[in-house]
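Structure first, commentary second.
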Amino acid sequence: MPLAWRRLPEDLAIAPETTPMTTSASMIPPLPPNPLRKGLVDDRTRDACAVVIFGASGDLTRRKLMPALYNLAAGNSLPSGFAVLGVARRDKTDESFRAEMKQGVAEFSRTKPIDPSTWAAFERGIGYVRGSASDAATYEALRARLEQADKERGAGQNRLFYLAVPPSEFGPIVEGLRASKLVAPGGAAASARSGGPWSRVVFEKPFGHDLASAVSLNDLVATAFDESQVFRIDHYLGKETVQNLLVFRFANSLFEPVWGREHVDHVQITVAEEIGVETRGKFYERTGVTRDIVENHLMQLLCLTAMEPPISLSADAVRDEKVKVLRSLRALQPNEIARDVVRGQYARGIVRGEDVNGYRSEPDVAADSRVETYVAMRVQIDNWRWSGVPFYVRAGKRMARRVTEIAVVFRSAPHALFSARQGGIAPNVLSLRIQPDEGIALRFISKEPGQQTILRDVAMDFRYGATFGSNTPEAYERLLLDAMRGDATLFTRRDEVEQQWAYIEPVMRAWDTDGATPRFYPAGSWGPEQADELLSRDGRQWRKP
Ligand code: BG6
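In terms of my numbering, the sequence shown opens at residue 29 and continues consecutively.
Below, the structure written as structure tokens:
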């Protein structure tokens, strides 16, 4: 179970966050350590294993995967028998690969500086295999290195294959692994029964580029792996604050009774980034923000916000509920797409005081590109809980601020005792800030102190940083650990990924054929004006988080 809810010992439950007020430092009694600051206590992963990273010379390996593995090593979470093998086409030796990875970890690890003795122990398990995905010799070389890792590092014949490669290489790698018989047969249940070695595979996103390609990729994967061996990554699910959504909703009794159409007016979900497409122009020209962020990260946030309580925290119980939400999404008809979906593209503008280029002037982007870097949609969920409650969702590059937020906007009080002249008639809003400034805030109306009754919108504000300290694990640490443990709760299941595509695909089809240009918005703004109309038409407005 990934979401083990640990109880704090009664006597440790409350510890002061701040120093008590006093005039003399010498009078301050020593504070008891704040147990809430301890952060994640990881259990060491039981099974020895070797992690094989295809795409080892790519950015993801250097920036995310190796720093995550190193931090797991530093936190004593890796099994004692462990090795990591990088596979890529470039010519490298074990030594040069280790040196490159060390640089990556030094630059991108959340804990700095690198601890020399942890690194020295960790790097002894790192190796490199040169080869291309479509060459049978690559898999033979890999087999030899894996056997060596079993003998010398005690990797126990368990394998975690991580495909940090472009989607075009998924097929050849799955086929190569199948043909070379490097995959232990049978799913999780089979290896649990026999106690034999396991093999699992992790796919980076994007998983397909439309419904048909996702289905055929799933079919291909199924020729080599049982679904219980397949881990499709959506790194948003590894974020602490995203995992906390389930805890917040289902470990508290206060919110669930008001979580639905009787009390909620609408929901807003925002995934806004300040960065543009940077060096990924080529990728973005094929992808756009709809495939890059809406189809996966945003849909997942929507599912976790809207889902029913699962019957347990098992991977399938949680994923069953998410799939039900996806299946309840009202399909957008072609004539509704122009009305309910707004696509935008950033034009030149100012971000953090700097003049930045428009999307069409980014490297590897066509000068007349119609690719969207912003999308806003009105999503309707046709089920008992959410009938009639719109979910307004938006995602964009080069927005005014980097912020990911879920805001639940409640209905106004049924009878207006206080007049608009007294001010403060804003609705209650519960906002879950996923990043940055992670926290949860509840806005409500209060009386201003004084002889008159003047109303004011105020907030109760919980901040992760202040309560737990800020050095929380990166999403990839949690996800790698879960994959090594065989826990798929935070990974998307086959039907989930196919349902996500099924919902989004009509939008992309309509755009392919309508010949229209996205609405331009200045970089550093909150998106095109048409996105405001999407809400103002319903008498609502976007929050400016
Ligand atoms: C990735 C997208 O999945 O998520 C990127 O491909 C995006 O375009 C990134 O920048 C955002 O992730 P995070 O964790 O920075 O919010």
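No residue lacks a Cβ here, since even glycine has one placed at the ideal position from N, Cα and C.
Using the rule of at least 16 other Cβ atoms within 10 Å of the residue's Cβ for burial, across every protein chain shown, is residue i buried or exposed?
i    : result
I378 : exposed
P305 : This sequence places Val at residue 305; Pro is not what is there. Counting Cβ neighbours within 10 Å, V305 comes out buried, since at least 16 surround it.
A390 : Checking the sequence shown, residue 390 turns out to be Glu, not Ala. When all chains shown are included, E390 counts as buried.
M488 : exposed
P37  : Reliability of the predicted coordinates at P37 is poor, the pLDDT of 36 falling under 50, and no value is obtained from them.
T307 : exposed
S227 : buried
L479 : Checking the sequence shown, residue 479 turns out to be Gln, not Leu. It counts as exposed.
R126 : buried
K140 : exposed
K209 : exposed
P337 : exposed
L239 : buried
Q361 : exposed
T495 : exposed
K267 : buried
A345 : exposed
I434 : buried
W33  : Residue placement at W33 is poorly supported in this model, since its pLDDT is 41, which falls under 50; the coordinates are not used for a value here.
I532 : buried
L97  : buried
D566 : exposed
P418 : buried
P95  : buried
P234 : buried
K66  : Only weak support exists for where K66 lies, its pLDDT of 49 falling under 50; the coordinates are left without a value.
D410 : exposed
G497 : exposed
D510 : buried
Where do the ends of the beta strand (DSSP E) carrying residue i lie?
i    : result
T298 : 292 to 300
K475 : 467 to 475
I462 : 457 to 463
S356 : Looking at the DSSP string, S356 is not in any beta strand (DSSP E); the run it does join, the alpha helix (DSSP H), is 343 to 356.
S241 : It is not in any beta strand (DSSP E) - S241 instead sits in the alpha helix (DSSP H) that spans 239 to 252.
V230 : 227 to 231
V275 : Element bounds for V275: not the beta strand (DSSP E) but the alpha helix (DSSP H), 268 to 278.
V258 : 258 to 260
Hey, could you find the ends of the alpha helix (DSSP H) residue i is sitting in?
i    : result
R289 : It is not in any alpha helix (DSSP H) - R289 carries neither H nor E in the DSSP assignment.
T495 : 492 to 496
V535 : 522 to 542
R74  : No alpha helix (DSSP H) contains R74, which DSSP labels as neither H nor E.
E313 : 309 to 317
P362 : 362 to 368
R513 : 503 to 513
S340 : Note, S340: premise wrong, no alpha helix (DSSP H); not H, not E.
S447 : From DSSP, S447 is part of no alpha helix (DSSP H); its letter is neither H nor E.
L326 : Careful: L326 lies outside any alpha helix (DSSP H) and carries neither H nor E.
A559 : 557 to 564
Name the DSSP bridge partner or partners of residue i?
i    : result
D489 : A469
F548 : Q373
S281 : Its beta-bridge partners do not exist; DSSP assigns none.
F438 : V292
V79  : V112, L188
L483 : K475
### Task
Pick out the complete alpha helix (DSSP H) segments inside the stretch 82 to 141, 4 residues or longer, and give them in chain order.
Given a length threshold of 4 residues, each whole run of the alpha helix (DSSP H) inside the stretch 82 to 141 is given here in chain order: 94 to 102, 122 to 136.
### Message
Assess contact between the stretch 242 to 253 and the stretch 281 to 300, defined as three or more Cβ pairs (one per stretch) separated by less than 8 Å. Is contact present?
### Response
No, the stretch 242 to 253 is not in contact with the stretch 281 to 300.
### Query
Is the stretch 175 to 188 close to the stretch 124 to 138, with three or more CB pairs under 8 Å?
By the criterion of at least three beta-carbon pairs nearer than 8 Å, the stretch 175 to 188 is not in contact with the stretch 124 to 138.
### Query
Should the stretch 344 to 363 be regarded as contacting the stretch 506 to 523, the criterion being three or more beta carbon pairs within less than 8 Å?
When Cβ pairs closer than 8 Å are counted between the two stretches, the stretch 344 to 363 is seen to touch the stretch 506 to 523, the count reaching three or more.
### Task
Just list the beta strand (DSSP E) runs in the stretch 131 to 210, keeping only unbroken ones of 3 residues or longer that don't cross its boundaries, in chain order.
Entirely contained in the stretch 131 to 210, the beta strand (DSSP E) runs reaching 3 residues are, in chain order, 154 to 158, 187 to 191.
### Message
Check whether the stretch 554 to 564 and the stretch 379 to 399 touch, using three or more Cβ-Cβ pairs below 8 Å as the test.
### Response
No, the stretch 554 to 564 does not touch the stretch 379 to 399.
#### Entry: Stretch-stretch touch, CB-based, cutoff 8 Å, three pairs: the stretch 78 to 88 with the stretch 183 to 196
Result yes; three or more Cβ-Cβ pairs closer than 8 Å.
### Query
Counting Cβ pairs, one atom from each stretch, are 3 or more of them under 8 Å apart for the stretch 328 to 344 and the stretch 365 to 379?
In short, these stretches do not touch, since the Cβ pair count stays below three.
### Query
Would you call the stretch 472 to 484 and the stretch 497 to 508 touching, i.e. three or more CB-CB distances under 8 Å?
Note that the stretch 472 to 484 does not touch the stretch 497 to 508; fewer than 3 beta-carbon pairs, one per stretch, sit closer than 8 Å.
### Message
Would the stretch 309 to 323 count as touching the stretch 432 to 449 if we require 3 or more Cβ pairs under 8 Å?
### Response
Too few Cβ pairs lie closer than 8 Å, so no.
### Ranges of the beta strand (DSSP E) found wholly within the stretch 373 to 434, counting only runs of at least 3
Within the stretch 373 to 434, the complete beta strand (DSSP E) runs of at least 3 residues are 377 to 379, 382 to 384, 402 to 407, 419 to 424.
### At least 3 beta-carbon pairs within less than 8 Å: the stretch 281 to 291 vs the stretch 408 to 426
Below 8 Å, enough C-beta pairs join the stretch 281 to 291 and the stretch 408 to 426 to call them touching: three or more.
### Task
Check whether the stretch 355 to 370 touches the stretch 532 to 542, counting contact only when three or more Cβ pairs, one atom from each stretch, lie closer than 8 Å.
As far as the Cβ criterion goes, the stretch 355 to 370 touches the stretch 532 to 542, which means the pair count is three or higher.
### Message
Under 8 Å, with one C-beta from each stretch per pair, do the stretch 241 to 248 and the stretch 199 to 206 reach the 3-pair mark?
### Response
Cβ pair count under 8 Å is three or more, so yes.
### Task
Decide yes or no for the touch test of the stretch 391 to 407 against the stretch 420 to 428: beta carbon pairs closer than 8 Å, at least 3 of them.
Proximity of the stretch 391 to 407 to the stretch 420 to 428 meets the contact definition, three or more beta-carbon pairs being nearer than 8 Å.
### Query
Three or more beta-carbon pairs under 8 Å between the stretch 458 to 470 and the stretch 266 to 283, yes or no?
The way I'd put it, the stretch 458 to 470 does touch the stretch 266 to 283; three or more beta-carbon pairs between them come closer than 8 Å.
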